[in-house]
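Encoded as C-alpha cells, the structure appears first; notes follow it.
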Amino acid sequence: MVKNLRIDDFDYPLPDERIAKHPLALRDSCKLLVRRADGSISDGVFSELPQILPADSMLVYNNTRVINARLRFRKPEGALIEIFCLEPVSPRDYAQSFASNGHCSWICFVGNSKKWKQGQLILRLDVKGYQVDFRADRVGREANASVIEFSWDVPELTFADIIEAAGEIPIPPYLNRSTEASDASDYQTVYSHIDGSVAAPTAGLHFTPRVLDEISDRGIPRRELTLHVGAGTFQPVKSDEIGEHMMHSEFIAVSRSLIDELASTDRRVIAVGTTSVRTLESLYHLGCRAAQGLPVDELPQWYPYDSDHPQLSVADALKALLDRFEGDTFVASTRVIIAPGYRYRIVKGIVTNFHQPRSTLLLLVSAFTGGGNEWRSVYDHALDGGYRFLSYGDACLFIGE
Numbered sequence: 085m086v087k088n089l090r091i092d093d094f095d096y097p098l099p100d101e102r103i104a105k106h107p108l109a110l111r112d113s114c115k116l117l118v119r120r121a122d123g124s125i126s127d128g129v130f131s132e133l134p135q136i137l138p139a140d141s142m143l144v145y146n147n148t149r150v151i152n153a154r155l156r157f158r159k160p161e162g163a164l165i166e167i168f169c170l171e172p173v174s175p176r177d178y179a180q181s182f183a184s185n186g187h188c189s190w191i192c193f194v195g196n197s198k199k200w201k202q203g204q205l206i207l208r209l210d211v212k213g214y215q216v217d218f219r220a221d222r223v224g225r226e227a228n229a230s231v232i233e234f235s236w237d238v239p240e241l242t243f244a245d246i247i248e249a250a251g252e253i254p255i256p257p258y259l260n261r262s263t264e265a266s267d268a269s270d271y272q273t274v275y276s277h278i279d280g281s282v283a284a285p286t287a288g289l290h291f292t293p294r295v296l297d298e299i300s301d302r303g304i305p306r307r308e309l310t311l312h313v314g315a316g317t318f319q320p321v322k323s324d325e326i327g328e329h330m331m332h333s334e335f336i337a338v339s340r341s342l343i344d345e346l347a348s349t350d351r352r353v354i355a356v357g358t359t360s361v362r363t364l365e366s367l368y369h370l371g372c373r374a375a376q377g378l379p380v381d382e383l384p385q386w387y388p389y390d391s392d393h394p395q396l397s398v399a400d401a402l403k404a405l406l407d408r409f410e411g412d413t414f415v416a417s418t419r420v421i422i423a424p425g426y427r428y429r430i431v432k433g434i435v436t437n438f439h440q441p442r443s444t445l446l447l448l449v450s451a452f453t454g455g456g457n458e459w460r461s462v463y464d465h466a467l468d469g470g471y472r473f474l475s476y477g478d479a480c481l482f483i484g485e
C-alpha cells in the first residue's frame, strides 16, 4: 500500500557543502545528469539539453512568477513582525488580488506573532512617486496561518505595485542566508510572467533564451501552464508513514488549447519541474472525476489510488474535463501526492533538480524511476560526481519509456 511507505526509505546524507547557495553565473552551464528508461546514466551540460531531448518531445513548463511574498513591519515600540503571503482570500483569484486597488486579504504566516496581539501595522513606502501608508490587520485564522487584510491609501496603486516595493523574494530556508539583491533575478525563470508563487519552480532556472530557441529550432513544441508554488513545497514529511502526511493545496491554471492538445498528441510530454508534473498528472485525474460526476475544483490527495478510480484513457479523461468547463482556461487546485505505486499517465519525461531527503518531491522522482530504489543510483551518482543540490544546484533529466 502506498500509504504504508516509510519515509525513512527515502533518506540520504546531504552535506551542507553540497547545497548550492548561489546559482552559476551562466544558468545553462550547470551539470545535467541524464537517466534513461533502461537505467543508464550519463553526464552532460544543461546547454546540451536541446540535442538530448527525444525528437518527438513536447516540453511543458510552469510560467509562474515568484512574488515578493516576505513583508517586514515594525511595531511602534520596535518589535519586528514578518508577514509571509501564502495565497489570496479576497479576492480569491490571484490575478484579481494583484490588481486590487486599496485593499485585499491573504492567508499568511506571521513571524514573531506573540508580539502582535492586536492593533494595526503600518509600513510607510515610496511607490512610483507616491507616499503610501501600507497597513496590515489580522482579521482571522486559517489552520496554522492568519488571515491578513492589507490596505493602502493610494487607490491608483495595485497590490502588485505595493508588494513589489515593500517585500522581498522568499528564498528557500535551507540556503541558510538572507535574501540578496541578485536573488530578485536569479530566483525567477526567464519565462516567468504570471504572479503568484512564493517559491520558484526551480528546474526552470537553468533555461536561457538560447536553450529555448534551440529547442524550438529542433521542432520540439514548447507549451506553458501555471501552478503557483506554495510554502508547503519545503515541508518535509515528518510522519513515519506517508499516509499520515497532509499535502498542501496549490493553484493550477491550464489553457483549453493545451488540454485539447494533450488529449490527442503522440508526442512525448517532457515536464519541466515537479510543479509541471503535478499539474499535468492532476489534469488526468480531474478528468476522471469529471467522468464520474465528481467536483473538479480540487484534486484530493489520495484520489489517484482509490479503488473506484475509473482508469480512463488520457484522451477520454481530458475530453471529460473539457466538457465540464467553459472559457479558455481551466482553473483548480491540487493536493495530489505522487509516490511509488503511482502510475504516470501524461508525463513521459522530467527535467528536475536534486531534491531534499525525505521530501515528497523525492517520492515523485522515485515513482517515475520505477518505485523501488532506482532513485538511489541516480543520487549516489550525483553525490559521487560533484553535482550541486537543491534550488540553485544542477539539473537532471529523466527520460521514460
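For the sequence shown, my numbering gives the first residue as 85, with consecutive numbering after it.
Backbone N, C-alpha and C fix where the C-beta goes; we use that ideal spot for every residue, glycine too.
| Query | Result |
| --- | --- |
| DSSP-derived helix/strand/coil call for Pro441 | coil |
| Nearest-angstrom beta carbon gap, Ile483 and Pro107 [assumed within contact, 8 angstroms] | Pro107 to Ile483, Cβ: 24 angstroms. No contact. |
| Whole-angstrom distance between Thr310 and Thr242, CA atom to CA atom | 22 angstroms |
| Identity of the residues DSSP links to Met330 by a beta bridge | Per DSSP, none; premise fails for Met330. |
| Which of helix, strand or coil DSSP assigns to Thr349 | coil |
| Closest Cα partner of Ile278 within the set Ala220, His439, Asp177, Ile103 | Asp177 |
| Reduced DSSP secondary structure (H/G/I, E/B, other) of Leu155 | strand |
| Proximity to Pro379 [Cα-Cα], best of Phe218, Ser235, Leu405 | Leu405 |
| Proximal residues to Cys169 (C-beta, below 6 angstroms), its chain only, five neighbours per side dropped | Ala153, Trp190, Cys192 |
| Arg120 versus Ala375: straight-line alpha-carbon distance, rounded | 34 angstroms |
| CA-to-CA distance, Ala355 to Thr273, given in whole angstroms | 15 angstroms |
| Inter-stretch contact (C-beta, 8 angstroms, three-pair minimum) for the stretch 431-447 and the stretch 90-99 | yes |
| Distance between beta carbons of Asn146 and Thr436, contact taken as under 8 angstroms | Between Asn146 and Thr436 the Cβ distance is about 12 angstroms, and since that is not below 8 angstroms, they are no contact. |
| Euclidean distance between Cα positions of Glu410 and Val313 | 25 angstroms |
| From Ala451, Arg90, Thr148, residue whose alpha carbon lies closest to that of Thr286 | Thr148 |
| Residue span of the beta strand (DSSP E) that contains Arg225, given as start and end | 214-226 |
| Whole runs of the alpha helix (DSSP H) within the stretch 152-195, excluding any shorter than 4 residues | 178-182 |
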